[in-house]
Amino acid sequence: MEWMLFAVASSFTFALVSVLDKLLISNHVANSRVFVATVGIAQILLGLFALPFALGSPYPITAVIIALLSGVFSG
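Per our numbering, the very first residue in the sequence shown carries number 744; after that it's consecutive.
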């Protein structure tokens, strides 16, 4: 039954993010392209922050590179 909590939390989080995105785009951001660019820049910065932790992990460097490239190409 533990999975049920995660399923409900996931749905709630997705709904909350969707509502917040809509409010930000309609009230505080000039257009949706600016919003997408801002979110992309924030994700790049978070990825650069997390990179040293990934390189210090026990996984082989090829697995880390494949995971990084997967994130880059999926957007």
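All C-beta atoms, glycine included, are put in the ideal place defined by N, C-alpha and C.
The continuous alpha helix (DSSP H) containing Gly783 extends over residues Ser775 to Leu798. Here the C-alpha atom of Lys765 lies approximately 29 Å from the C-alpha atom of Trp746. In this structure, the straight-line span from the alpha carbon of Gln786 to that of Met744 is close to 33 Å. DSSP, reduced to helix, strand and coil, places Met744 outside both helices and strands of the structure shown, so it counts as coil.
Assigned with DSSP and collapsed to three states, Val751 falls in helix.
For Val760, the three-state secondary structure derived from DSSP is helix.
For Val815, the uninterrupted alpha helix (DSSP H) segment begins and ends at Ile804 to Ser817. With fewer than three CB-CB distances shorter than 8 Å, the region 772-779 does not count as touching the region 795-805.
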